[in-house]
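One structure below.
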Amino acid sequence: MSPTRRDFLTMASRGAVALSARRGFFDAAQLPGRPSNTTSGSQDRDFSNVLVIAAHPGDAFFAMGGPVAVATLSKSKGYFLSLSLGERGSPSIPPQQYGASQQSAAEKAAALLGAKALFLHYPDGEIPANDEAKFSVCDVIRQCKPSTIVTHWKGSWHKDHRACYEIVQDAIFYAALPAIVRKQPAHTVRKLYFASNWEDVVGFVADTYLDITPVCEDWLNACSVFPMWRGESGFRYNDYYSSMAVAHGCVSSFKRAVALMSSDEQRIQNIQTP
Ligand SMILES: [Zn+2]
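The numbering of the sequence shown is our numbering, which starts it at 22 and goes up by one.
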């Protein structure tokens with residue numbers, strides 16, 4: 022017997038968690054018609070204070086902007102940290118000029134979403150995965166005090182994206198240690214997610230779908246501030262990310278959604294006998 026469409030949707034979302042901005046957080050298994058094959062664990066699903074950390078401004082807004090828009094929708098805080106300006110990303114505009122336009126676009130896009138754009142100004146293509154960068158990101162974490170961080174998955178062809186992944190892992194570790202004395206006191210990040218990004222697809226497996234239906238239009242509008250959004254630098258970001266929001270919505274029973282991946286150690290669920 023061939024599987025029905027509902028069987029396929031159930032299989033497609035098995036083990037994944039669907040998070041709604043409007044109706045509170047719930048498991049995909051609790052949707053009508055879904056088997057109770059997942060159980061809530063001790064994972065935090067808090068999108069009330071979100072910091073995204075990206076190698077380049079385009080990644081921060083296009084691949085990671087949805088969760089920030091969800092945070093600011095509920096009057097919570099959202100931050101976009103770009104480790105570089107992506108200043109070498111234009112085939113025709115000189116880096117200094119292009120970097121300035123990228124920074125200006127990021128600031129404008131963040132303001133449209135009621136969030137804040139932050140920058141660390143490492144050279145595009147040469148983001149160093151060293152302790153100086155890790156402590157700089159640690160300081161931003163302690164300053165912003167996010168409950169949730171969204172960043173790059175390591176399965177990327179882009180060396181800056183892989184560097185960002187490593188920097189964030191260690192920055193979260195440093196930020197949480199009270200014995201590491203910096204200007205700001207220690208802060209523990211409750212949840213780390215990796216974003217679905219067209220350049221970071223090797224080994225990326227979504228386990229969480231976040232409902233962005235109420236913020237999708239605002240998020241896409243903010244992305245459109247960037248000149249590269251419509252494919253000017255070669256890749257049609259607008260088509261890709263707006264289509265993925267629809268596709269991820271289809272498999273999570275939301276109208277629009279973003280797919281996220283939890284870090285390995287945060288996939289553990291603690292199930293209490295009722
Ligand atoms: Zn990038």
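Yeah, the Cβ is synthetic: ideal placement off N, Cα and C, and Gly gets one too.
So, under 8 Å CB-CB, Asp145 and Ser177 are touching, yes? Tell me the CB distance rounded to an integer number of Å. Contact annotation, Asp145 with Ser177: C-beta distance approximately 15 Å; criterion of less than 8 Å not satisfied.
If we ignore side chains and look at the alpha-carbon of each, how far apart do Gly79 and Ser122 end up? Spanning the two alpha carbons is a distance of roughly 12 Å.
If you follow the beta strand (DSSP E) that Thr93 is in, where does it begin and where does it stop? For Thr93, no beta strand (DSSP E) encloses it; the enclosing alpha helix (DSSP H) starts and ends at Gly86 to Leu94.
Short of 8 Å in beta carbon distance, which residues of its chain neighbour Ile201, apart from the five on each side in sequence? Order them along the chain. Result list for Ile201: Cys159, Tyr195 and Ala207, in chain order.
When you compare only the Cα positions, how much space is there between Phe47 and Tyr186? Confidence at Phe47 is low in this model, with a pLDDT of 37, below 50, so the placement of that residue is unreliable and no value is reported for it.
Taking only three categories from DSSP, how would you classify Gly110? In the structure shown, Gly110 adopts coil according to DSSP, grouped into three states.
Run through the DSSP bridge pairs and tell me what Thr172 is partnered with. Its beta-bridge partners are Ile74 and Phe215.
Check whether the Cβ of Gly107 lies closer than 8 Å to any heavy atom of ligand 1, and answer yes or no. At least one heavy atom of ligand 1 is nearer than 8 Å to the Cβ of Gly107, so yes.
Hey, could you find the ends of the beta strand (DSSP E) Gly120 is sitting in? Element bounds for Gly120: not the beta strand (DSSP E) but the alpha helix (DSSP H), Pro116 to Leu133.
Heavy atom of ligand 1 less than 8 Å from the Cβ of His142, yes or no? No - ligand 1 has no heavy atom lying nearer than 8 Å to the Cβ of His142.
In chain order, what residues of the same chain have a beta carbon less than 7 Å from the beta carbon of Ala90, not counting five sequence neighbours either side? Here the set comprises Leu134, Ile233, Val236, Asp239 and Trp240.
Ala297 versus Val246: straight-line alpha-carbon distance, rounded: An answer regarding residue 297 cannot be provided, because it is not within the stretch 22 to 295 covered by the chain.
At a cut-off of 8 Å, would you count Glu238 as near ligand 1, judging by its Cβ distance to the nearest heavy atom? Result no, Cβ not under 8 Å from ligand 1.
What's the call for Thr301, buried or exposed, on a 16-neighbour Cβ count within 10 Å? The requested residue 301 is not part of the displayed model; the chain covers only 22 to 295.
Report the residue ranges of all beta strand (DSSP E) runs contained in full by the stretch 196-256; include only those spanning at least 3 residues, in chain order. Counting whole runs of 3 or more residues, the stretch 196-256 contains the beta strand (DSSP E) stretches 212-216 and 229-232.
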